[in-house]
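A.B. asks:
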Amino acid sequence: MEEITLYDKDGIAVAYIAPDEDYTIYLWNGRPIGYLHKYKYYAFDGHHLGWYSKGVIYDNEGVLLYCIENKCSNIQPIHCEKQPKRRKPIRSIRHLAEERPIFKRYNY
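Take any residue in the sequence shown, note its place counting from 1, add 29, and you have its number in our numbering.
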């Protein structure tokens with residue numbers, strides 16, 4: 030599996046999912062910001078941040094945070110290179126997930 034680029038609501042590449050055992054999400058600057066576990070998005074401190082569904086990461090309110098290329102309609106050209114990955118923090122015990130919201134589909 031290769032790294033998966035994630036785009037924000039404006040179609041700008043801002044993060045990516047690394048193909049490691051944690052499915053770690055890194056910002057373009059190399060900073061690890063969380064990971065995916067069973068379709069849930071967690072911070073390293075264990076807080077549940079959102080949901081992963083069909084190539085889109087939503088927050089706990091159901092608002093789009095990131096999407097993969099074929100789920101975004103307004104992709105912007107990538108203007109900078111990814112920075113080297115920084116060390117991942119130690120993962121804490123995962124908190125209970127929020128109730129899954131109704132995902133808000135915007136025309137992005």
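Ideal Cβ placement from N, Cα and C applies to all residues, glycine included.
1) State the CB to CB distance for the pair residue 96 and residue 35, rounded to an integer number of angstroms; the pair is presumed to be in contact (CB under 8 Å).
2) Among the candidates 52, 39, 47 and 94, whose CA atom is the shortest distance from the CA of residue 106?
3) According to DSSP, what are the bridge partners of residue 57?
4) Between the C-alpha atoms of residue 99 and residue 71, what's the straight-line distance to the nearest angstrom?
5) What do you get for residue 68, buried or exposed, if any count of 16 or more other CB atoms within 10 angstroms of its CB means buried?
6) What does residue 46 pair with, by DSSP beta-bridge criteria?
C.D. replies: According to the data block:
1) The pair is a contact, with the Cβ atoms about 7 Å apart (cut-off 8 Å).
2) Selected option, being the one with the closest Cα: 39.
3) Bridge pairing for residue 57: absent [DSSP].
4) It is roughly 23 Å from the alpha-carbon of residue 99 to the alpha-carbon of residue 71.
5) By the 10 Å Cβ count, residue 68 comes out exposed.
6) When DSSP reads this structure, residue 46 sits in a beta bridge with 33 and 54.
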